[in-house]
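Residue numbers (this note's numbering), protein chains in the order written: chain A, 458 to 569; chain B, 35 to 149.
For reference, the structure is listed below as structure tokens.
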Amino acid sequence: KAGVTQTPRYLIKTRGQQVTLSCSPISGHRSVSWYQQTPGQGLQFLFEYFSETQRNKGNFPGRFSGRQFSNSRSEMNVSTLELGDSALYLCASSSLQSNEQFFGPGTRLTVL
Amino acid sequence: GDSVTQMEGPVTLSEEAFLTINCTYTATGYPSLFWYVQYPGEGLQLLLKATKADDKGSNKGFEATYRKETTSFHLEKGSVQVSDSAVYFCALSEYSGGGADGLTFGKGTHLIIQP
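What follows is the structure, given as structure tokens:
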């Protein structure tokens, strides 16, 4: 079974721009979660989608948003980028029967 | 809210040494507990998990026991190898059914194994 894939792997943007990251979950997994990893704050939960609906949300500003498609693929969007948004963004998927999450390799976003 | 506390390190050991990485948690309900490992430039890999009190998770020589009375989930390995060098994250999840709630992570422990 293929693992969780994320595209692109690396991104460089400038302040004020917006960015969209993509995540394809493991086949059959309907839950997709997003996390931000920074050296200062560590790993923080952004949001979780299940069957195209956001079920849980972490403590991030409204500039961070996401969506999920009918095939369970998910995208997250960050608008009006700030320097502090530079981070590794990780996507994870899980099945209906388990709370075990499987992570993708991440997208490294650098904001200049 | 939920929280996870773990020693941050770096923890430096010689090959074949005994490893313990402490992890304690605070949770409102009855969480599942996890250890994840992250190698340089990669995402997180699930190392082991435990879903209820007294459960022992184990994988690749690593073990951790869910201790409800001490709210702990310490990671141990009897003999570490250079290839175990990585960052280890303790995490918890309050499972609400129908999929995973967000994981709450500790800050991570950087483990360095010297030959």
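For glycine and all other residues, C-beta sits at the position ideal for the given N, C-alpha and C.
Original post:
If we ignore side chains and look at the alpha-carbon of each, how far apart do Trp491 (chain A) and Asp88 (chain B) end up?
Top reply: 30 Å
Original post:
Between Tyr64 (chain B) and Glu128 (chain B), what straight-line distance do the alpha-carbon atoms span, to the nearest angstrom?
Top reply: 7 Å
**OP:** Using a Cβ-Cβ cut-off of 8 Å, state whether Gly112 (chain B) counts as contacting chain A.
**Re:** no
Original post:
Can you tell me the Cα-Cα spacing of Cys480 (chain A) and Gly460 (chain A), whole angstroms?
Top reply: 11 Å
Original post:
In or out: Thr567 (chain A) buried (at least 16 other Cβ within 10 Å) or exposed?
Top reply: exposed
Original post:
Under the three-state reduction of DSSP, which class applies to Gly499 (chain A): helix, strand or coil?
Top reply: strand
Original post:
From the beta carbon of Gly499 (chain A), is the nearest beta carbon of chain B less than 8 Å away?
Top reply: yes
Original post:
Helix, strand or coil for Gly523 (chain A) per DSSP?
Top reply: strand
**OP:** Identify the continuous beta strand (DSSP E) that holds His144 (chain B) and give its terminal residues.
**Re:** Thr143 to Gln148
**OP:** Could you check which residue in B:Asn56, B:Thr138, B:Gly112 and B:Lys111 has the C-alpha nearest to that of Ser498 (chain A)?
**Re:** Note that residue 498 (chain A) is Gln in the sequence shown, not Ser. Of B:Asn56, B:Thr138, B:Gly112 and B:Lys111, the residue nearest in Cα terms is B:Thr138.
**OP:** Could you tell me if Glu76 (chain B) is buried or exposed, where buried requires 16 or more neighbouring beta carbons within 10 angstroms of its beta carbon?
**Re:** exposed
Subject >> Nonlocal neighbours in the same chain, by C-beta distance under 7 Å from Ile147 (chain B), ignoring five residues either side >> reply: Leu47, Glu49, Val114, Gln115, Val116, Asp118 and Ser119
**OP:** Using a Cβ-Cβ cut-off of 8 Å, state whether Lys141 (chain B) counts as contacting chain A.
**Re:** yes
**OP:** State the CB to CB distance for the pair Arg524 (chain A) and Phe507 (chain A), rounded to an integer number of angstroms; the pair is presumed to be in contact (CB under 8 Å).
**Re:** In fact, because the Cβ distance is near 12 Å, the residues do not count as touching under 8 Å.
Subject >> Residues of its chain near Val535 (chain A), where Cβ-Cβ distance is below 7 Å and the 5 sequence neighbours each way are ignored >> reply: Gln475, Val476, Arg520, Phe521 and Asp542
Original post:
Do Val45 (chain B) and His108 (chain B) come within 8 Å of each other at the CB atom, strictly closer than that value?
Top reply: no
Subject >> Distance between Thr39 (chain B) and Glu505 (chain A) (C-alpha atoms, nearest Å) >> reply: 23 Å
Original post:
Relative to the alpha-carbon of Lys470 (chain A), which residue among A:Pro562, A:Pro482 and A:Leu540 has its alpha-carbon at the smallest distance?
Top reply: A:Leu540
Subject >> Delimiting residues of the beta strand (DSSP E) encompassing Ala120 (chain B) >> reply: Ala120 to Ser127
Original post:
What's the call for Asn516 (chain A), buried or exposed, on a 16-neighbour Cβ count within 10 Å?
Top reply: exposed
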